[in-house]
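Residue numbers (full-length UniProt numbering): 1 to 347.
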């Protein structure tokens, strides 16, 4: 009898030991979320059964892709909350009252509407830096977003208007994804975004370039709108802008001021799918130029080089002119001196 008892104990001890020390035990097993709830840091509340809180990273809560229709209870210790790809329909004022330590909040791919987000829902979060709300059904900016945000993604919604009050005071915002909405005019709503480096407002209903764009922009994407002209001195105030995409608009030669793109620092310029008949002058420092699918009838070498010698030549590497009204025979024979770094000119 004693031998049998010793055998049973020896069999149970290793199993117990493995479950207590296996750092990946929370990843598998039909009741892994319950196991995590017991082992994880429970300061500020238990992990909800429908979510996972890894014991090795207790400040994160994973509730993504769980078929949730309502906000779960959020322990106050949580800093990184993943709620994307569910069917959540509302964020009431009380939903985030305990989540004052959140740094990341991922809520993209849900069924939120502007009327279903409480006016005070985000007011208690004083350290939120990243907020993802893309792929919902919002028609307006949520009220009282934290002014601590650095990365705001609200694309693929139905937003029609952005006011100055929506973004005022967001001095830390560096990334704003607003593309694939229904915005018709941004007015001067972006002027307060002093730290913004990436702005994507493509696939909206804009007819003109927004006023007072932030001067520290590094990337500006405005493709797939209805912009037919650019303002005078369009790029004069930008010292760090390197990438501009204005493809799929209604730009004509008349709508582009003289030397609008002849500025140093620019690396990539996309003007494809517009109504241009001439190649606009560009800086010799530009590296990638996309002009395909316009109505260009002449290859003007002066658009790339005003003078050509050993030290003066275009740094252009990519030049696309296919889908225009010119052929390879229209390229001047001396273009190789100016465009000596161009690997391929597509005509």
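The beta carbon of each residue, even a glycine, is placed where N, CA and C say it ideally should be.
Between residue 71 and residue 91 a beta carbon distance of about 6 Å is seen, short of the 8 Å cut, so the two are scored as contacting. Counting C-beta pairs with one atom in each stretch, the stretch 219-227 and the stretch 197-207 have three or more that are closer than 8 Å, which means they touch. By the neighbour-count definition (other C-beta atoms within 10 Å, threshold 16), residue 75 is a buried residue. Restricting attention to alpha helix (DSSP H) runs no shorter than 4 residues, the stretch 315-344 encloses them at 335-338, ordered along the chain. Ranked by Cα distance from residue 240, the first of 195, 47, 265 and 116 is 265.
The three-state secondary structure of residue 81, taken from DSSP, is strand. Within the stretch 104-158, the complete beta strand (DSSP E) segments of 3 residues or longer fall at 104-106, 130-132 and 151-153, listed in chain order. In this structure, the alpha-carbon of residue 277 lies about 31 Å from that of residue 216.
Excluding the 5 residues flanking it on each side, residue 173 has same chain C-beta neighbours closer than 7 Å at 149, 150, 152, 193, 195 and 196, in chain order.
For a cut-off of 8 Å, the C-beta gap from residue 210 to residue 230 is around 12 Å, too long to register as a contact. By the beta-carbon neighbour count (other beta carbons within 10 angstroms, threshold 16), residue 109 is buried. For residue 167, the enclosing alpha helix (DSSP H) starts and ends at 164-167. By the 16-neighbour rule on beta-carbons within 10 angstroms, residue 65 is exposed. For residue 52, the secondary structure class from DSSP, reduced to helix, strand or coil, is strand.
Excluding its 5 nearest sequence neighbours in each direction, residue 254 has C-beta neighbours in its own chain below 8 Å: 229, listed in chain order. By the criterion of a C-beta distance shorter than 7 Å, residue 159 is surrounded in its chain by 138, 139, 140, 141, 181, 182 and 183, once the five residues flanking it on both sides are discounted.
One Cα belongs to residue 163, the other to residue 188, and the distance between them is close to 8 Å.
Under the Cβ criterion (8 Å, minimum of three pairs), the stretch 286-296 does not count as touching the stretch 332-340.
Its Cα nearest to that of residue 99, the residue 146 stands out among 146, 111 and 85.
By the C-beta density criterion, residue 169 is exposed, having fewer than 16 other C-beta atoms within 10 angstroms. Distances from the CA of residue 327 to each of 125, 346 and 279 were compared; the closest alpha carbon is that of 346. The beta carbon of residue 268 sits closer than 6 Å to the beta carbons of 243 and 288 from its chain, once the five residues preceding and following it are set aside; these are given in chain order. The closest CA to that of residue 117, considering only 89, 270 and 103, is found on 89. In this model, residue 324 and residue 247 are separated by some 14 Å (Cα to Cα). For the pair residue 270 and residue 297, the Cα-to-Cα distance works out to about 18 Å.
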